[in-house]
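Report on the following structure.
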Amino acid sequence: AALRRTDQEAAAIGRSARLMRENFRNPEAVMEHDIAFHEAIAAASHNPVFSLIVTAFSGVTRRTWVIGWRTRSSDEAQLKMIKGHEDIAEAILKGDPRLAAEHMAQHFDKSVKALLDAGIA
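Residues 14 to 134 in our numbering are what the sequence shown spells out, letter by letter.
Following this line, the structure appears as structure tokens:
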């Protein structure tokens with residue numbers, strides 16, 4: 014996505030991250046913007062297989078997202094998770110694929126850890 018995104022696609026990614034922060038006290042809204050964020054990245058990658066994978070996981074994401082969110086029990090922890098999305102968006106906007114991949118890998122690892130900590134394995 015960092016190499017192939019259009020300005021409009023980068024704006025959509027950034028907007029989703031911004032809306033996550035603006036709505037962080039409303040978990041359902043954060044979830045919707047989080048899903049939109051990942052769908053926007055998939056679209057910006059212009060990789061149909063990646064888009065298919067993200068879409069295929071949408072149902073699982075909707076069922077497990079709130080569990081992961083609850084493991085982040087403080088405002089600070091929730092905002093830190095959102096900051097990870099903002100870091101990914103910024104790297105994509107800058108066109109830095111290495112940094113975007115690094116931030117995405119950290120985000121993925123933290124998300125999996127949150128689910129494991131909640132007992133989902």
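Don't be surprised by glycine CBs; every beta carbon is placed ideally from N, CA and C.
Note that the structure is a prediction, hence the values are computed from the model and not measured.
Item                                                                                                           : Value
Own chain partners of Arg34 with C-beta closer than 6 Å, once the 5 adjacent residues on each side are dropped : Ile95
Cβ neighbour criterion (16 or more within 10 Å) applied to Asp47                                               : buried
Alpha-carbon to alpha-carbon, Val79 and Ala57                                                                  : 26 Å
Best match in Leu112, Ala127 and Arg28 for proximity to Ala15 [C-alpha to C-alpha]                             : Leu112
Proximity below 8 Å, CB of Phe63 to CB of Ala53                                                                : no
Three-way DSSP call (helix, strand, coil) for Ser124 in this model                                             : helix
Any alpha helix (DSSP H) of 4 or more consecutive residues that is wholly inside the stretch 25-69             : 40-58 and 61-69
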